[in-house]
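K.L.:
First the structure, then my questions, so here it is.
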Amino acid sequence: ISVSDMDAAMRFYGDILRLRVTFDDMHDPVAIGRLFNFEAPVVRSIVLECTDRSEFELIEYRRPKGRSTTDRKMNDAGISALALRVTGVAKLVGRVEAGGFAVTSGVVEQILPDGAILKVAVCRGPDNVTVILVEPPAERKSLAGDTPAAR
């Protein structure tokens with residue numbers, strides 16, 4: 601996830617969502633320059649670990665600065681949102697709101713085909729990134745449940 605301000609992003613992902621930092625450093629400018637065709641880029645990277653041990657990376661291009669896009673819609677092609685499996689979604693929604701970020705849906709119950717109920721909330725993180733907070737039933741290992749695709 602490319603961010604315009606790493607400190608602001610970390611207030612959301614680190615302080616509010618309480619994801620753990622596993623890496624925080626500057627990327628190698630020679631490699632980034634060759635990979636993405638930038639001259640002398642300056643890029644900070646923070647890798648965050650979720651409670652299930654999966655990780656994702658925040659990057660801040662300090663040079664060259666990118667542009668912000670805020671007009672992405674959920675039905676646009678490409679990556680539209682970051683979905684995170686969480687516990688205690690109602691409490692987490694309170695922290696998101698207390699941190700000054702928008703929760704655009706409240707907590708909504710979504711019934712899966714097998715009858716299991718997910719608790720889901722949609723919020724806007726830094727740089728208007730849509731973050732979907734998904735709380736499955738405690739005993740559920742996969743959103744797919746015990747379907748052939750999940751086996």
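Everything in the sequence shown is counted per the numbering used here, starting at 601 for the first residue and increasing by one.
No residue lacks a Cβ here, since even glycine has one placed at the ideal position from N, Cα and C.
(1) I'd like to check one pair, E660 with V689: are the Cβ atoms closer than 9 Å?
(2) Determine the closest residue to R724 out of V630, A716, A681, D714, with distance taken between C-alpha atoms.
(3) DSSP on I762, reduced to helix/strand/coil?
(4) So for L692, helix, strand or coil by DSSP?
(5) Secondary structure at F612, three-state DSSP: helix, strand or coil?
(6) Quick one: residues in its chain with C-beta nearer than 7 Å to the C-beta of G666, no 5 flanking neighbours on either side, listed in chain order?
(7) Going by DSSP, what residue range makes up the alpha helix (DSSP H) through L635?
(8) Look at the Cβ atom of R685, then the Cβ atom of L648, and state whether they are nearer than 9 Å.
(9) Taking just the CA atoms, how far does L718 sit from L692?
(10) Going by beta carbon distance, what residues of the same chain come within less than 7 Å of L619, once the five residues before and after it are set aside?
(11) Is the beta carbon of F623 less than 9 Å from the beta carbon of S645?
P.N.:
The short version:
(1) With contacts defined by Cβ atoms closer than 9 Å, V689 and E660 do not form a contacting pair.
(2) Ranking the options by Cα distance to R724, first place goes to A681.
(3) This structure cannot speak to residue 762, because the chain is shown only from 601 to 751.
(4) L692 falls in the helix class under three-state DSSP.
(5) Three-state DSSP puts F612 in a helix.
(6) Excluding five sequence positions before and after G666, the CB atoms of its chain that fall closer than 7 Å to its own CB belong to S602, given in chain order.
(7) From DSSP, the alpha helix (DSSP H) with L635 extends over 629-636.
(8) No. Outside cutoff.
(9) Each residue's alpha carbon lies about 15 Å from the other.
(10) The answer, listed in chain order, is Y613, L648, E649, C650.
(11) Between F623 and S645, the C-beta gap is smaller than 9 Å, which places the two residues in contact.
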